[in-house]
Amino acid sequence: MKKPGKEERQEAIAQILGNSSIESQEELLKQLSDRGFELTQATLSRDFREMKV
Numbered sequence: 348m349k350k351p352g353k354e355e356r357q358e359a360i361a362q363i364l365g366n367s368s369i370e371s372q373e374e375l376l377k378q379l380s381d382r383g384f385e386l387t388q389a390t391l392s393r394d395f396r397e398m399k400v
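All residue numbers for the sequence shown refer to our numbering, where the first residue is 348 and numbers rise by one.
1) Give the secondary structure of S380 by DSSP, where H, G and I count as helix, E and B as strand, and everything else as coil.
2) What is the rounded straight-line gap between the Cα of S368 and the Cα of Q362?
3) Using a threshold of 8 Å, state whether the C-beta atoms of L376 and Q388 are closer than that.
4) Alpha carbon to alpha carbon, what distance is there between V400 and F405?
5) Can you round the beta-carbon distance between D394 and I360 to whole angstroms, since I take them to be within the 8 Å contact cut?
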């Protein structure tokens with residue numbers, strides 16, 4: 348199985364933020380993990396900067 352890349356991860360982040368009330372980065376990390384993404388807080392922060400979140 349192919350590991351999801353940055354584009355897929357950022358698309359999932361946008362979907363989750365658009366469809367859910369997320370109150371913390373930890374909560375978002377949990378939801379991403381539930382979808383099969385493995386990432387660190389630092390990676391999520393970089394994604395936020397790139398996505399201008």
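Virtual Cβ for every residue (Gly too), placed ideally from N, Cα, C.
These numbers were taken from a predicted model, which means no experiment stands behind them.
If we stick to the structure as given:
1) helix
2) Roughly 11 Å between the two C-alpha positions.
3) yes
4) Coverage of the chain is limited to positions 348 through 400, which leaves residue 405 absent and any answer about it impossible.
5) Between I360 and D394 the Cβ distance is about 6 Å, and since that is below 8 Å, they are a contact.
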